[in-house]
Amino acid sequence: MLATRSPAEPVHLPTALALPAALAFLAGVAVTAYAAWLRGYRIRARFETELDKANRPRPHEDPQESARRAFINLAHRIQAIVNRQLRELRDMESRHGADADVFGDLLQVDHGTALIGRLADSLAVLGGERPERRWSRPIPVLGVMRGAMSRITEYPRVDVGRLPEYASIDGACAEPLIHALAELVDNAARYSPPDSRVEVAAYEVPNGLVIEVLDAGVGMGPEALARADLALRTESIGFELSTLGETPRLGLAVVGKLAHTAGFEVSLQHSAEGGIRASIRVPELLLRGTERAEAEAPRAEQLRRRPAPRGPQVAEPFGLTGQGLPKRRRFDPAGEVVEP
Amino acid sequence: MIRRLAPPTAEDPDDPGPERIYVLTGGRGGPHPRTRLDLVTLVLAVGGARNTAASRRGLFPEHRAIIRMCRRPLSVAELSAYLRLPFGATAVLVEDLLQAELVRTRAAVVPAVPDPALIEEVLRGLQRL
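Just so you know, the sequences run in chain order A and B.
Here the first sequence is numbered in my numbering, starting from 44 and rising by one per residue.
Here the second sequence is numbered in my numbering, starting from 1329 and rising by one per residue.
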């Protein structure tokens, strides 16, 4: 006989809930699966659209535009590697500075890396990019010159002539100038006898600064000079490999582009000595003053950490304070012990 | 004539600037072995008529900084720290100045070590007490 449950008999809770729970679970699974499918579908759809967009030539875009972007992308990747390697090399040079052989080899690798860096920079500039590198402090004119020398093969042939010591270029604007100067100095060294010197000098003019590169080459014919000048002035030179021709014009095209975007003027003339005089006219806007102490490394705060002089110097009379204690002395950048 | 373009950027002490060390040393990794410069060699600027503005022309600011700092004898290691340059580069700059006769060097004074025989004699004397 079947026992009938009286209504008062408590229902076994798990049994009662099993069916709705299973239904709810199934519904949940279905909803989740549907949501996942929907999301996947959307992602797929978006991906396909993007792919389609990337493959389809844009109606408003020059067919060369994607090639240009690819070149710039490559240039940026090389620049990133070079910049990291230059930082690491600086650390290695500090670590191995006392071992002349290792240090000399590191300097050689450093030089090679800087040359690669300039090529990558040129590639980016020709692709229409403005140099992105910013320096965190104003760069003295000498720093600009030595920075440019750092990036050319024949830097030992370059002499630094007279220059205004206390003028600096704004750190955010120095990079195009350094790169342009490197191209001009490289041209000067390349097209002059290998045993001749190249001079870099600078002087102030009423509304700015002129940096000059003088070589002792045979000069250029009037036609070649006109062509070079044109290469400098043609702002429209884009990434058209067919128009760039051989290396010297490539360098000049880079200089022309940099001058146009950064706001300085470059000109080429015959010099009185027979070679070529390349001048960069830097507007006042890009200049910053430099503290005297800053121009003459090292900085004052470094020297204040100088330990007290030892040996016979200790016997020198100190000034005394009101309490009869020796006065503090510090070492200033001019090398004098000064009473504060 | 100099005016400011932008507020000064935050200075990063680790930013070495655009100049590379080989430009400063002319590619040399260290002084000539005959120059005999080491970390504790003391460098002293040569004063007087030789050290005139004319003789200092053509020197880099780093050279001039060495001359200024070496009015008192300073070791190459200390110079290297003040200039924030590796030892090899500092030594090359000092060598340039030596050749221009703008500085002279002297080996660090080694503290005099008493004769070992004397020390033994003293030891024996103490033990006898």
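For every residue, glycine included, the Cβ atom is placed at its ideal position computed from N, Cα and C.
Only a predicted model underlies this, so the values are computations on that prediction, with no experimental measurement involved.
Report task. Pick out whichever of A:Ala-163, A:Glu-218 and A:Leu-150 has its Cα sitting closest to the Cα of His-119 (chain A). Result -> Along the first sequence, read from residue 1 onward, the residue named residue 119 (chain A) stands at position 76. With distances taken between Cα atoms, His-119 (chain A) lies closest to A:Ala-163.
Query raised in the report: What residues of chain B sit near Leu-224 (chain A), judged by a beta carbon separation below 8 Å?
Result: The sequence position of residue 224 (chain A) within the first sequence is 181, counting from 1. Those do not exist, as Leu-224 (chain A) stays about 10 Å from chain B at its closest Cβ, beyond 8 Å.
Query raised in the report: Any Cβ of chain A within less than 7 Å of the Cβ of Val-1351 (chain B)?
Result: To locate residue 1351 (chain B), count along the second sequence from 1; it is residue 23. It does: the Cβ of Val-1351 (chain B) has a partner Cβ on chain A nearer than 7 Å.
Query raised in the report: Nearest CA to the CA of Thr-196 (chain A): which residue from A:Gly-186, A:Pro-181, A:Gly-140 and A:Gly-160?
Result: Residue numbering aside, residue 196 (chain A) sits at position 153 when the first sequence is read from its first letter. Closest by alpha carbon: A:Gly-160.
Query raised in the report: How many angstroms separate the CA atom of Ala-274 (chain A) from the CA atom of Leu-1387 (chain B)?
Result: By 1-based counting over the first sequence, the position of residue 274 (chain A) is 231. By 1-based counting over the second sequence, the position of residue 1387 (chain B) is 59. So the two alpha carbons sit approximately 36 Å from each other.
Report task. Could you confirm whether any beta carbon from chain B is found closer than 7 Å to the beta carbon of His-313 (chain A)? Result -> Here residue 313 (chain A) refers to the residue found at position 270 when the first sequence is read from its first residue. So no, His-313 (chain A) is outside the interface.
Query raised in the report: What in chain B is Cβ-close to Asp-153 (chain A), meaning under 9 Å?
Result: In the first sequence, residue 153 (chain A) corresponds to position 110, counting from 1. Within 9 Å Cβ-Cβ: Arg-1348, Ile-1349 and Tyr-1350.
Query raised in the report: chain B partners of Trp-178 (chain A), CB-CB under 7 Å?
Result: One-based indexing of the first sequence puts residue 178 (chain A) at position 135. Neighbours of Trp-178 (chain A) on chain B, chain order: Asp-1343, Gly-1345 and Pro-1346.
Query raised in the report: Since Arg-180 (chain A) contacts Ala-215 (chain A) with CB under 8 Å, what's their CB separation in whole angstroms?
Result: Here residue 180 (chain A) corresponds to residue number 137 of the first sequence, with the count starting at 1. Here residue 215 (chain A) corresponds to residue number 172 of the first sequence, with the count starting at 1. In this structure Arg-180 (chain A) does not touch Ala-215 (chain A) by the C-beta definition: roughly 10 Å separates them, more than the 8 Å allowed.
**Report entry** Identity of the residue in B:Val-1371, B:Leu-1352, B:Gln-1427 and B:Leu-1451 nearest Met-1397 (chain B) by Cα
**Finding:** Within the second sequence, the letter at position 69 stands for residue 1397 (chain B). Met-1397 (chain B) has its Cα closest to that of B:Val-1371, out of B:Val-1371, B:Leu-1352, B:Gln-1427 and B:Leu-1451.
Query - Under 9 Å from the C-beta of Gly-1358 (chain B): neighbouring residues of chain A - result: For the purposes of this step, residue 1358 (chain B) is taken as the residue at position 30 of the second sequence. By Cβ distance, chain A contributes Gly-140, Ala-141, Asp-142, Ala-143, Asp-144, Phe-146 and Gly-147.
Requested in this report: Starting from Val-203 (chain A), follow its DSSP beta bridges and name the residues at the other end.
Outcome: Here the question's residue 203 (chain A) lines up with position 160 in the first sequence. According to DSSP, which records beta bridges pairwise, Val-203 (chain A) is partnered with A:Val-243.
Report task. Could you check what DSSP says for Thr-196 (chain A) in three-state terms: helix, strand or coil? Result -> Numbered from its first residue, the first sequence carries residue 196 (chain A) at position 153. Three-state DSSP puts Thr-196 (chain A) in coil, outside helix and strand.
Query - Where Arg-161 (chain A) meets chain B, residues with beta-carbon distance less than 9 Å - result: Residue 161 (chain A) sits at position 118 when you count from the first residue of the first sequence. Those within 9 Å of Arg-161 (chain A) in chain B number zero; the least Cβ separation is about 11 Å.
Query - the stretch 308-326 of chain A contacting the stretch 247-257 of chain A, beta-carbon criterion three pairs below 8 Å - result: Yes: the two stretches touch, three or more of their Cβ pairs being nearer than 8 Å.
Query raised in the report: Does any residue of chain B bring its CB to less than 7 Å from the CB of Ser-165 (chain A)?
Result: Counted from its first residue, the first sequence places residue 165 (chain A) at position 122. Answer no: the Cβ-Cβ gap between Ser-165 (chain A) and chain B never drops below 7 Å.
Query raised in the report: Is the closest heavy atom of the ligand MG to the C-beta of Asp-1443 (chain B) under 6 Å?
Result: With respect to small molecules bound, the structure shown includes none, and the ligand MG cannot be examined in it.
Query raised in the report: How big is the Cα-Cα spacing for Gly-1357 (chain B) and Gly-1416 (chain B)?
Result: Numbered from 1 along the second sequence, position 29 holds the residue referred to as residue 1357 (chain B). Numbered from 1 along the second sequence, position 88 holds the residue referred to as residue 1416 (chain B). Whole-angstrom Cα-Cα distance: 6 Å.
Query raised in the report: Under a CB-based cut-off of 7 Å, is Gly-1354 (chain B) close to chain A?
Result: Within the second sequence, the letter at position 26 stands for residue 1354 (chain B). Taking Cβ atoms only, chain A reaches closer than 7 Å to Gly-1354 (chain B), which makes this a yes.
Query raised in the report: Hey, does Thr-1337 (chain B) have any beta-carbon neighbour from chain A nearer than 7 Å?
Result: Translated into positions along the second sequence, residue 1337 (chain B) becomes position 9. Residue placement at Thr-1337 (chain B) cannot be trusted, given a pLDDT of 47 that sits under 50; what the coordinates show is reported in the next sentence. For Thr-1337 (chain B), the answer is yes, since a Cβ of chain A falls inside 7 Å of its Cβ.
**Report entry** Boundaries (first-last residue) of the beta strand (DSSP E) holding Ser-109 (chain A)
**Finding:** Translated into positions along the first sequence, residue 109 (chain A) becomes position 66. Ser-109 (chain A) -> not in any beta strand (DSSP E); alpha helix (DSSP H) instead, spanning 106-138.
Query raised in the report: Does DSSP classify Ala-351 (chain A) as helix, strand or coil?
Result: Translated into the one-based positions of the first sequence, residue 351 (chain A) becomes position 308. Annotation note: pLDDT 39 at Ala-351 (chain A) (below 50); position unreliable, coordinate value reported separately. Reduced to three states, the DSSP call for Ala-351 (chain A) is coil.
**Report entry** Minimum C-alpha distance to Gly-306 (chain A) - residue among A:Ala-315, A:Leu-329 and A:Ala-244
**Finding:** Within the first sequence, the letter at position 263 stands for residue 306 (chain A). Nearest option by C-alpha distance: A:Leu-329.
Query raised in the report: In whole angstroms, what is the alpha-carbon distance linking Ile-212 (chain A) and Val-187 (chain A)?
Result: By 1-based counting over the first sequence, the position of residue 212 (chain A) is 169. By 1-based counting over the first sequence, the position of residue 187 (chain A) is 144. Distance between the alpha carbons of Ile-212 (chain A) and Val-187 (chain A): 8 Å.
Requested in this report: Look at the alpha carbon of Gly-204 (chain A) and the alpha carbon of Leu-227 (chain A), and state the distance between them as a whole number of angstroms.
Outcome: Numbered from its first residue, the first sequence carries residue 204 (chain A) at position 161. Numbered from its first residue, the first sequence carries residue 227 (chain A) at position 184. Rounded to whole angstroms, Gly-204 (chain A) and Leu-227 (chain A) show a C-alpha spacing of 16 Å.
Report task. Assuming Val-152 (chain A) and Leu-132 (chain A) form a contact by the criterion Cβ under 8 Å, report the distance between their Cβ atoms to the nearest whole angstrom. Result -> If you number the first sequence from 1, residue 152 (chain A) lands on position 109. If you number the first sequence from 1, residue 132 (chain A) lands on position 89. Yes, they are in contact, since the Cβ atoms of Val-152 (chain A) and Leu-132 (chain A) sit about 6 Å apart, within 8 Å.
**Report entry** Contact set between Ser-193 (chain A) and chain B, taken where Cβ atoms lie within less than 8 Å
**Finding:** By one-based count along the first sequence, residue 193 (chain A) stands at place 150. Near Ser-193 (chain A) (Cβ distances below 8 Å), the residues of chain B are Pro-1346, Glu-1347, Arg-1348, Tyr-1350 and Val-1351.
Query raised in the report: Any idea what DSSP makes of Arg-1392 (chain B), helix, strand or coil?
Result: Indexing the second sequence from 1 puts residue 1392 (chain B) at position 64. If DSSP states are grouped into helix, strand and coil, Arg-1392 (chain B) belongs with the helices.
Query raised in the report: What in chain B is Cβ-close to Tyr-198 (chain A), meaning under 7 Å?
Result: Taking the first residue of the first sequence as position 1, residue 198 (chain A) is located at position 155. Those within 7 Å of Tyr-198 (chain A) in chain B are Val-1351.
Query raised in the report: In three-state DSSP terms, what is Thr-1485 (chain B)?
Result: The question about residue 1485 (chain B) has no answer, for chain B in this structure spans 1329 to 1457.
Query raised in the report: Going straight from the alpha carbon of Asp-238 (chain A) to that of Val-1422 (chain B), what length do you get?
Result: For the purposes of this step, residue 238 (chain A) is identified with residue 195 of the first sequence, where counting begins at 1. For the purposes of this step, residue 1422 (chain B) is identified with residue 94 of the second sequence, where counting begins at 1. So the alpha carbons of these two residues sit roughly 26 Å apart.
Report task. Whole angstroms is fine: what's the gap from Ala-1373 (chain B)'s alpha carbon to Val-1431 (chain B)'s? Result -> Counted from its first residue, the second sequence places residue 1373 (chain B) at position 45. Counted from its first residue, the second sequence places residue 1431 (chain B) at position 103. The straight-line gap from Cα to Cα measures roughly 4 Å.
Query - Neighbour-count burial assignment, Ile-86 (chain A), 16 or more Cβ in a 10 Å radius - result: Position 43 of the first sequence holds residue 86 (chain A). Exposed is the call here.
Report task. Would you kindly check if the distance between the Cβ of Val-241 (chain A) and the Cβ of Arg-200 (chain A) is under 7 Å? Result -> To locate residue 200 (chain A), count along the first sequence from 1; it is residue 157. To locate residue 241 (chain A), count along the first sequence from 1; it is residue 198. Contact: yes.
**Report entry** Neighbour flag for Gly-1416 (chain B) against chain D, beta carbons, 7 Å
**Finding:** Of the protein chains in the structure, A and B, none is chain D.
**Report entry** Ile-1395 (chain B) versus Lys-300 (chain A): straight-line alpha-carbon distance, rounded
**Finding:** Taking the first residue of the second sequence as position 1, residue 1395 (chain B) is located at position 67. Taking the first residue of the first sequence as position 1, residue 300 (chain A) is located at position 257. Approximately 42 Å between the Cα atoms of the pair.
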